[in-house]
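See structure below.
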Amino acid sequence: MPAKPVLIAVDGRSGSGKTTLAVELVALLRVHRTVSLFHLEDIYPGWHGLAGGQQRYLETVLRPLAAGQSGHWTAWDWTRDDDGASRTTEPADVVVLEGVGAAHAAARGLLDAVVWLQAPSDDRRRRALSRDGATYEPFWDTWAEQEEAWLAGDDVAAAADVVVDSSVAGAAPAQVLAALASLPVLEHALAPERTAREGVRLVAERVEAYPDAEAVYRRLYAGADRSVWLDSSNVHEAADRNRISIMADDGGSFGQRAEHRNGTTLVSQHNTTARISGGFFRWLDSAWCHLPSAAAQDVPGGFALGWLGYLGYELKRETGGKDAAGPRQDTVQENTHDGAQENWPRHAHGTVPDAALLFAGRAVLLDHVRQCTWLLALAGPSHLDEAAEWIAGTAAVIRGLPQASAGSPEPSRPPAALVFQPRDSREAYLAKIREAQAEISEGNTYEVCLTTQLHATAPEQLDPLHTYLLLRRRNPAPFASLLRFGTLTVASTSPERFLSIAADGALRAEPIKGTRRRLADPEADAAVVEELAGSVKDRAENIMIVDLLRNDLSHFAVPGSLQVSRLCAIESYATVHQMVSTIDAQLLPGAVRAEAVAAAFPAGSMTGAPKISTMEILDRLETGPRGVYSGAVGYFSLDGSADLSVVIRTLVMDGNRLSLGVGGAITADSVPDDEWDEVRAKAFGVLSALGAVFPD
């Protein structure tokens, strides 16, 4: 049987730019293979023939090509308004099929990929009439009515693999080709395009200036819709975790953004979005280390550009957990430019994606040890000038900013009265503690990390940077971070490392279990440290999680390399003392790094032990999804390294809706009232910074 060609449809309403994109896309594809191009406008039987043309196309063109055979079809003679000559479209390595209805419902099962172009109707009409002039103008409304009737029952945009917003500058064929090459179904067919970026390299420049981090972010990133600040905000403490702070956005030619919701990852670059079905960690593996880049030897911290953002707790469904019980999701419909609606899942607390990342093709690194700044940028054969210009311009800005000072600025004014409400009342939470202890007594678990959330609605949307700075100044932490993805902001003062992977494969996890609120009196505060260090219950909690993480890391570790470097050490922060352990290992050579992250996700310190069965118990006890809370924040670098923190002590702002997750580990020896006090202690740092109090 003849080989089936790769069939790619380019669809969209009239005037969306399909023909131009298809022709330019074919030119790019022909560099490495044979390509045929078919235009549906050649087969429509007149101005009233959209439905008839789609059927002719399916039967005489698409089905034969899908079988590896030539498509023999009858062209429409638009001058005579009748059938015209017989024509043939030959199979090739790739066939591009362009036109309104190229990806209609009956055709999609035969296609390998669908590209959908969308633009406002005014732009489309202007473009179409500019191209076809007086010939098309009398029939625009007639044709538009047929498009509306077809699309009312056939949502091609929602089914498309690649969606292009062609409203302003049209479609960029190179971006569309890159998006197609990212699809698993085309991975082998477009292998040359996947490796075409081998000429890309990392450019790094050291700037002999050490500006104030807040000033850098304000000047360079505060105005961006999407940005990440991984902020080692207590640089005077725990130096091994505080070597660098990273700031980046998705700007420049290499910038991208990715959002994962319920089994689908949307990857956008400028005006082109690829829809990739499948698990998040599978996508992460394909996207993480596949752009060649070698870090300059002197650049600190193991970051060589890459993906930055968060992984939400609900990704547990891909690592052995299930969807949480209780109120789950309804559906949000968002209008596209064409009036079509796309369905997105809405969590009980908002439209927060399961994961959100941006790809930084350039970034600012503050080196807190050498007290200098590093500028990193990707450069390729066609992007050398762009990288050089960005580095030169950013270096000038860095040199002109005020230098970092030893003292912290005075705290800013908190926002107007924020009143938080608990998801669980004190009585309800204590009842859940007792239920968790009953599960322990039954032998179903050893330790249950039970959580709840506090919620508030701000009178108006808070300024993300101002809000984060309140938290940062009140409670500096080694893994503090500010993530901004449109109207979603994650402001974290996390002290806990989830997992780090060095470029050479060194693995490290640093779980925290055991927390006490700090006291103003030095002697009383010292007594709190002594009590925590000697707490049998807290040590038991910590050691159980250490054992769990030793198991998680062992799946991808060199045998014999696992070791507990620290056990139940006490670390002190601005508002709490905590018990911390460190587990180290060496990654197996050739191991898939995304799978190693998945094996440990979510952090055992946020689930309990054993992990899978305990997560099922938590799904029954907790009345809603955790969302971002209990997940991970950090980066996946192009050199294969990663550093991820646990999302705790973190305020999530979804528009003007705020949430703060809190909880604690429940064991057989837990005293319910004490556990509630620990919840209050963990919430204190964030709430006090916002001028709020724990609800009664």
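Residue numbering for the sequence shown follows the working numbering, beginning at 5 and increasing consecutively.
Backbone N, C-alpha and C define an ideal beta-carbon position, used for all residues, glycine too.
Out of the options, state which residue places its alpha-carbon closest to the alpha-carbon of residue i.
i, options, result
"S429", "A573, L312, E626, G644", "E626"
"V39", "T83, L66, D97, I12", "D97"
"A598", "P142, P426, Y639", "Y639"
"A524", "N555, R84, L155, V580", "V580"
"S236", "G635, F605, A117, L370", "L370"
"W120", "L66, L487, F424, V14", "V14"
"R478", "A111, A693, E191, T78", "A693"
"V632", "G695, S504, Q457, Q273", "Q457"
"S649", "A513, D46, L66", "A513"
"P406", "A484, L486, R222", "R222"
"A71", "G113, W154, L469", "G113"
"G594", "A176, G75, D254, C293", "C293"
"A432", "P676, A109, G564, P515", "P676"
With DSSP as the reference, label residue i as helix, strand or coil.
i, result
"K320", "helix"
"V180", "helix"
"Y221", "helix"
"I621", "helix"
"I652", "coil"
"A608", "Residue 608 is actually Gly in this sequence, not Ala. DSSP places G608 in helix when its eight states are reduced to three."
"H43", "strand"
"D169", "strand"
"Q73", "coil"
"P426", "strand"
"D116", "coil"
"A432", "helix"
"R350", "The predicted model places R350 with a pLDDT of 35, which falls under 50 and marks its position as unreliable; any figure quoted below should be read in that light. Of the three classes helix, strand and coil, the one that applies to R350 here is strand, per DSSP."
"D91", "At residue 91 the sequence reads Arg, which differs from the Asp that was named. DSSP places R91 in strand when its eight states are reduced to three."
"T627", "coil"
"F560", "coil"
"K517", "strand"
"W82", "coil"
"S445", "helix"
"V207", "strand"
"G689", "helix"
"D254", "coil"
"A132", "helix"
"F285", "helix"
"T139", "helix"
"G343", "Low confidence applies here, because G343 scores a pLDDT of 35, under 50, leaving its location unreliable; read the following figure in that light. Correct three-state label for G343: coil."
"T23", "helix"
DSSP has residue i in a bridge; who is on the other side?
i, result
"R512", "S504, D588"
"M723", "Shown here, the chain extends from 5 to 700; a query on residue 723 therefore has no answer."
"L190", "Answer by DSSP bridge pairing: none, since L190 is not bridged."
"S125", "DSSP lists no partner for S125."
"A262", "V271, L361"
"G3", "This structure cannot speak to residue 3, because the chain is shown only from 5 to 700."
"T497", "A484"
"D476", "Residue identity differs from the one stated: residue 476 is Arg in this sequence, not Asp. According to DSSP, which records beta bridges pairwise, R476 is partnered with nothing at all."
"M657", "T493, L662"
"Q307", "This sequence places Phe at residue 307; Gln is not what is there. Its beta-bridge partners do not exist; DSSP assigns none."
Within a Cβ cutoff of 7 Å, which residues of the same chain sit near residue i, ignoring the five residues on either side of it in sequence?
i, result
"S539", "G518"
"A462", "P419, L422, N660, L662"
"M619", "K320, G325, T611"
"R506", "One point to set straight first is that residue 506 is Ala, not Arg, in the sequence displayed. Correct list, in chain order: G306, S645."
"A31", "none"
What does a CB cutoff of less than 6 Å around residue i pick up in its chain, not counting 5 residues either side in sequence?
i, result
"G343", "Its pLDDT being 35, under 50, G343 is placed unreliably by the model, and the measurement read from it follows with that caveat. So no residue of the chain qualifies."
"S641", "F307, A308, G310"
"A701", "The structure shown does not extend to residue 701, since the chain is modelled only from 5 through 700, so no value can be given for it."
"A440", "V452, L454, I670"
"E263", "L270, P357, A360"
"E212", "C376"
"F258", "G365, L382"
"S20", "L121, A123, R128, S170"
Closer than 8 Å by C-beta to residue i: which residues in its own chain qualify, once you throw out the five before and the five after it? Chain order, please.
i, result
"H52", "T146, Q150"
"D556", "A513, A603, A604, G608, K615"
"R543", "G518, C572, M583"
Would you say residue i touches the ligand ZN, meaning its beta carbon is less than 7 Å from a heavy atom?
i, result
"M251", "The ligand ZN is absent from the structure shown, which contains no ligand whatsoever."
**Report entry** the stretch 266 to 284 touching the stretch 580 to 587, judged by at least three CB pairs closer than 8 Å
**Finding:** No, the stretch 266 to 284 does not touch the stretch 580 to 587.
Query raised in the report: Just checking, does the stretch 99 to 119 make contact with the stretch 55 to 68 on the three C-beta pairs under 8 Å criterion?
Result: Touching, yes, given that three or more Cβ pairs across the two stretches are closer than 8 Å.
Query - At least three beta-carbon pairs within less than 8 Å, the stretch 603 to 613 to the stretch 469 to 476 - result: The stretch 603 to 613, when compared against the stretch 469 to 476, does not touch it at the 8 Å Cβ threshold.
Query raised in the report: Looking at C-beta atoms only, is the number of pairs between the stretch 491 to 506 and the stretch 641 to 655 that lie closer than 8 Å three or more?
Result: Yes, the stretch 491 to 506 is in contact with the stretch 641 to 655.
Report task. State whether the stretch 78 to 89 contacts the stretch 183 to 192, with contact taken as three or more CB pairs (one from each stretch) at a distance under 8 Å. Result -> Short answer: they don't touch.
Requested in this report: Decide yes or no for the touch test of the stretch 543 to 551 against the stretch 567 to 577: beta carbon pairs closer than 8 Å, at least 3 of them.
Outcome: Taking 8 Å as the limit for Cβ pairs, the verdict is that the stretch 567 to 577 does touch the stretch 543 to 551.
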